[in-house]
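Engineer: Sequential numbering from 33 applies to the sequence shown in my numbering.
Sharing a structure, written as structure tokens. Questions coming.
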Amino acid sequence: MTERQITTKIHFCAVEELSDTEKMLLNAAKEAAVTAYAPYSHFQVGAALLLDNGEVVKGSNQENAAYPSGLCAERVAMFYANATWPNATITHLVVAARNGKAFINIPIAPCGACRQSLLEAERRQGAPIRVLLYGTNETVCIESVKTLLPLSFDESFLKE
Ligand SMILES: [Zn+2]
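Have a look at this one:
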């Protein structure tokens, strides 16, 4: 047996350290969270994407009584962006979440399915997506979705 170490470098930032564009996107993600349809979990998530054409795309989680039929905020925003501007590049993704009363203090973590979908978008566009995961205490800043999903599955396996 051999052991290999996989390292991940992420930055924890204060909101004041974000660029003006990132602060704008954070506000957009917070606005989007309020639009969540979350009558079951009461966990409201907002996502905001910035495209290289200047468009800001917002999404929020959309739940369903048949739970698997719902969709996360990240994928609502990303699929809309990809369907509307299929040739645009996503440069940023900012995610913020409320527990029904207030924004959560720890950085929100995208689920595995969203990480996989975002990775596909990143590979499709051939450019990294800067990801900011907001918490009221601190925000995680990541340079690429790839960082969120080590040992990931992608289309290269299908060609083996
Ligand atoms: Zn998700």
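C-beta atoms are modelled at their ideal positions from N, C-alpha and C, and glycine is treated no differently.
Compute the minimum distance between the beta carbon of ARG107 and the heavy atoms of ligand 1, and state whether it is under 8 Å.
Structural biologist: Yes - ligand 1 has a heavy atom lying nearer than 8 Å to the Cβ of ARG107.
Engineer: Go to PHE44, then tell me how far its beta strand (DSSP E) extends in each direction, as first and last residue.
Structural biologist: 43-45 is the extent of the beta strand (DSSP E) around PHE44.
Engineer: So if DSSP puts TYR99 in a beta bridge, which residue, or which two residues, is it bridged to?
Structural biologist: Bridge partners of TYR99: none, in fact.
Engineer: Compare the Cα-Cα distances from ILE136 to each of GLU154, VAL177, ILE122, GLU170 and report the closest residue.
Structural biologist: The option with the nearest alpha carbon to ILE136 is GLU170.
Engineer: Locate the beta strand (DSSP E) running through THR171, then write down its first and last residues.
Structural biologist: Counting along the chain, the beta strand (DSSP E) containing THR171 begins and ends at 171-174.
Engineer: List the DSSP bridge partners of ILE122.
Structural biologist: Paired residue(s): LEU83.
Engineer: For the alpha helix (DSSP H) that SER149 lies in, which residues bound it at each end?
Structural biologist: It spans 144-157 - the alpha helix (DSSP H) in which SER149 sits, taken as one unbroken run.
Engineer: Determine the direct distance from the alpha carbon of ARG107 to that of SER149, and round the result to whole angstroms.
Structural biologist: SER149 and ARG107: Cα-Cα distance of roughly 7 Å.
Engineer: Pull up the distance between the alpha-carbon of CYS90 and that of GLY78, whole angstroms please.
Structural biologist: Residue identity check: residue 90 is Lys in the sequence provided, not Cys. Spanning the two alpha carbons is a distance of roughly 7 Å.
Engineer: Would you kindly report the start and end of the unbroken beta strand (DSSP E) that includes VAL89?
Structural biologist: Taken as a continuous stretch (DSSP letters only), the beta strand (DSSP E) holding VAL89 covers 88-92.
Engineer: To which residues of the same chain is ALA141 closer than 7 Å at the C-beta, ignoring the five residues directly before and after it?
Structural biologist: Excluding residues within five positions, the ones whose Cβ falls inside 7 Å are LEU165.
Engineer: Thinking C-beta only, is GLU187 closer than 9 Å to ARG147?
Structural biologist: Contact flag unset, no.
Engineer: Can you tell me the Cα-Cα spacing of PHE46 and LEU183, whole angstroms?
Structural biologist: For the record, residue 46 in the displayed sequence is Ala; it is not Phe. Those two C-alpha atoms are separated by around 29 Å.
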